[in-house]
Structures are given as structure tokens and as C-alpha cells.
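Here's the structure we're looking at; comments come further down.
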Amino acid sequence: MLLFLSCFVMVACDSVTRDARLLKEQAELMLETHPDSTLMMIDSIMHMEARLFERERMDLALLQGKALYDRDPCDEFANSFIDEAVTLPELDQAPAYFASKKDYCKAALTALYYGYASAQGDDRTAAMNAFKDAERFGALAGDSLTSAKAQYNMGQLLYYDGMEEEAIKVLKVACLGLQQHPAELASALNVLACCHMLRHEYDSAEFHLKNALEKAEQAACDKARRKVLNNLSVISQLRGDLEHAIYYLKQIENVSDSTRTPLTYLMNLGIAYDDFGMTDSAAYYYKLMEAFLPTTEIKAETKASAFLALSRFSEKQDDYSKALEYRNKYERTVSELQVKRERKKVYAIQQKYNYNIIRQAADSNTIRNQRIIAILGVFLIILLLIMLLVYYRYIQKDLKEAETNALLLQILNQNSELIHDNEIREKDHREMVQALTGMLTERLKTMQKLDVFLKDRKNIPALTELEKLVFGGKEHWGKMLQIIDSIYPGLYNDIKSSHPELSELECRVFLLSRFNLSRLDEAMILGISISVLDKVRGRIRRIIETADVDENTGINLEKE
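Residue numbering for the sequence shown follows our numbering, starting at 519 and increasing by one per position.
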């Protein structure tokens, strides 16, 4: 107990760990409303030398993944908050940890988030493996949405790698799981259509794109709507249908504005008119695009595409100086983008290295504190052993006193029991003396009356009194029946119930024939003559129709 209290006090006094846990609680509360602030707070925790349990660190990784990737798919700037302030040092370990704890729901989510992070870091192999884990854990947890999202991303990676046939199979399964989520379904159908476009299956691609447009409008998702309309325009261009290509591009103009839509919209219009040989119209939109480029902050990838399109158009117009200028800008932008990606990779590695150093420092502090606790524990154990020894000797003394008192109490109890037993024996002796005295008195009276009767047999009252003493106040047959019933309980009643046709005298004869008595003894007991007894026996044989022995009673009626 003392050791536990000491450990508890030392942990409670760790202010860094306490602050980290408070920040974690605040980050959880702010996740839904301020995910960017949540990311900042988690990143701060990552740089603290806090002694967090493994479960707490894995929960932080899950919380970080939710704040970074679990955003509205219709948000124009979803997943755009990935800069040098965000590190994911333990997200790759979280799926295996939660799976080992049988918490497959969290394992599926962390695997999905790790897949997103790997895909954005151009590590497609790790991303594919992570999405496969997310699909598997989602199936174990019954989380069909996470499994479907993982399948969609797997199909997208296969599409990027040029494996259209495999991508189509996976995306079709993903679309079945996203039926209740129109925004995500629109994105999956859009990628599925792109796979068919690469296979020159334009009818299937158009069919999926129109379904995707319907789902995007149902979800009021402008982001998905613009992508679908742009791809519908591309199909029309591939078919040589300028009217529908321009029509779909014009539809994008009706979609709500964003900082990226105008440039993409103008570039697509310029490309469309240029492909169909309408140079003046293409030049008009490219000119608007040139004017729009420096006025707003645009993603580097979109800017590179715009520079490449302007370079190609200028080259077609024989304006080689401008074509070279835009080509240089394109190459410089691509180079900067590549450098930025490499910096992000190096920064991620550096941050993970720094995080590992912080964890090692925290572990070193933990080891040092554990050594202190171990030394303190040994000291407390020695002190506790001394206290136990003293307490044991005290207990031994108390036990001896208790044994002595118990022995004395046992002797007193035995003495009380002996006294009580002696009283009971004396009482029983008195009762036996009284009983024997009464019996002797009764026998003396009976002998006196018998003596009187023998001297004067004509004394009828004395004879009657003697009969009462002998037969207990009952007639001769009643006393005899009482004796027989004590030997064979219920035998007489059984005879009467099984042979109701017999008279009372016949039943008595039938009963006495069970015993080894002479005819004279039976006649005397019944108070009848031997001749009457023989007649009754004959009637009994005729009634029950038996020769020697009755099967139920076993009574012999052939006695001599």
C-alpha cells in the first residue's frame, strides 16, 4: 500500500504529463468545431516529454487522424491543412495496437487515416496495405462505411497505377457500400468513369458520370459537381462533340465560386476551343487565364497545369518566346513542387526522429523515476518486513493468551456440562424409581385381586376387575386384534376389504388361520366350539374357492 501511494504521488506530481492530458481532453472537445486547433494542440503534446501510456498515445494518433482527414467531403478546403506543423509519428502503429486489443473499429479508422497519409506522401505501397487493413478491420467491426471508403481509395490507387480493370472491380464494390452517402458515392462513380474513359468505354463512363452528377446534386456538393461536369466535357471532346463539351463547361460557371474554380474553368474552356480549332475563342480564354494567374493564391499543381497549357498554346501560335517563358515557369513550378514534397518527406522524417528523441527522453526520465521508485520500494519493503515481524510477535503473544483463555473457558464449559448431565441423571433416576414403584404397586394389587378370586370364584366384581387389569379394559378379541396388528399392521382390514362377502366371524377365523394355533386354541380365542369353527372354515373355503393356500394372504385353511 505504501509503495502504491508513493508511485501515485510521483505520477501525480508529474506536471508535464498532467498538462499533456489536459491538452488531450481539450483537443477532444474541440474536434468537431475546430479541427485545425485540435491538430495544433496534438502537435504540442507530441513535443512534450510526457509519460503517457501506450493507449493514450494511440488514442492521440486516432484523434489526430480524425482532425486531419475526417472532414466534410464537400468542403472546398478539406485536407488542405497539411503543412509543416502536422506530424503523424505513431499513426502507422495504431492499427496493429487496436487490433491486438480487439478494438477493430478504431483499428479500421486508424488504418484508413494512415492510408490517406501514405497516399499524400506518394508512398502508394504503404497506402495500399493500409487501405487493405482498413477494409479487413472494418468488416470485423461491422463498419461498412469505413470498408467502402478503403475500397474506394484502393480503386483510386489502382487507377493511378494504370490498372483500370482491377480498379473497376474494386470501385464497383465500393459504390455498393456508399449508397447511403451521396457525396462519397459521387466521387467513387467519378473515378469509376475515369477508368472506363481510359479503356475508351465512353458509354459506360458517361452513364457513371451522369449518376455521379445526380448524387453530387443530391448532396449539394459543388466540389464533386465540378469534377463530374469537367469529365463529362472531356468525354464530349473525345467524341468530337464541341457543343456538349462547351455546354458542360458552362455548367461549371453556375456552381458556387471558389478560389480554384475560375482558373480551372478558363483553362478547360481554352483547351476545348483549341482542340476544335477555334483559335480566337481559345486565345480569349487563355488571355483571361493569364490575367487571373497572378491575382490569387492557387495550388502549385493547378498553376503548373496552367503554365503547360499556355506554353503549348503559345507554341501553336508561333510565339516561341512566350512559349519558352511559360515552359520555364512550368518546369520551375514542377521543380519547386518536387522540392517541397521532398522537404515534406525530410521534415516528416526529421519530426519523427525528433519525436523518437522526445520519447526516448521521456522513457529515460521514466526509467530514472522507476529506479527511484524501486529503491524507495526496497526500503519500504524492508520497513514493512520489520513491522510485520514486530506485528507477528505481538500476534503470537495474543494467540497464546487467547489459547489459554480458550482452554480455561473449555474447562469451565465441560464442568458446566458435567453438572448438567449429573442433574439429568438424578432426575431420570428419580423418575425410574417412581415408575418402578408404580408398576410394583399395580402388580401387588393384581396379585391381591387374583388371590381373592382364587379363594372365592363366585366374587363376580373381583373377576371383572381382574379382567380389566389383564386386558386393559377391552374385550378378549379386541386385545388379541391389537396384538396381531402390532405384528402385521392392517392385515385384518385388508382381509375385510378384499373379501367383503365374509361375515365378521368368518373374517376372524380367516385371520387366526394365519398363525400356528390349534383348532382348540382358535375356538377358545373366538369363544366358539370346535364344530362351529369347522363349519365356518368350510364356508370360507367355498366362498373364496381356494384349495390350499390363498395367493394374496398366504393363509392355510387345512389345519388339523
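Ideal placement from N, C-alpha and C gives every residue a C-beta, glycine not left out. Predicted, not measured: the structure shown is a model, and the values here were computed from it.
Closest option to T851, judged by alpha-carbon separation, among D837, D836, S823, S832: S823. Secondary structure note for A612: its alpha helix (DSSP H) is the uninterrupted segment 612 to 618. If you draw a straight line from the Cα of T797 to the Cα of F831, it is about 9 Å long. Bounds of the alpha helix (DSSP H) holding M1042 are 1037 to 1044. Around the C-beta of Y622, 16 or more other C-beta atoms lie within 10 Å, and the residue is accordingly described as buried.
The C-alpha of G680 is placed about 11 Å away from the C-alpha of G673.
In this structure, I753 lies near Y720, with their beta-carbon atoms less than 8 Å apart.
In this structure, S751 lies near L767, with their beta-carbon atoms less than 8 Å apart.
Taking 8 Å as the cut-off, the beta carbon of A818 is found no closer than this to the beta carbon of E849.
Secondary structure of I899 (DSSP, three-state): helix.
Here V896 is exposed, its C-beta having fewer than 16 other C-beta atoms within 10 Å.
Nearest to N786 by alpha-carbon distance, out of Q755, H552, V1027, A809, is Q755. In this structure, Y1010 places its C-beta atom within 8 Å of the C-beta atom of L1029.
Q669 sits away from G633, with the two beta carbons spaced by 8 Å or more. Distance between E653 and L547, taken at the CA atoms: about 28 Å. Cβ-Cβ distances below 6 Å link K733 to P700, L703, A704 in the same chain, with the five nearest sequence neighbours on each side left out; the list follows chain order. Excluding residues up to 5 positions away in sequence, R1037, L1038, A1041 lie with their Cβ nearer than 8 Å to the Cβ of I1048 in the same chain. In this structure, DSSP gives D561 a helical state, which the three-state scheme calls helix.
In the three-state DSSP reduction, G758 falls in the coil class, being neither helix nor strand. Rounded to whole angstroms, the Cβ separation of M807 and G788 is 6 Å, and the two are in contact under 8 Å. A568 and L727 have their C-alpha atoms spaced approximately 51 Å apart. If you draw a 10 Å sphere on the C-beta of D577, you find 16 or more other C-beta atoms in it, and that means buried. Within the same chain, and ignoring the five residues on either side of D537 in sequence, no residue has its Cβ closer than 6 Å to its Cβ. With 16 or more other Cβ atoms inside 10 Å of its own Cβ, V1054 counts as buried.
Under a 10 Å Cβ-count criterion, T643 is classified as exposed, with fewer than 16 other Cβ atoms of the shown protein chains found around its own Cβ.
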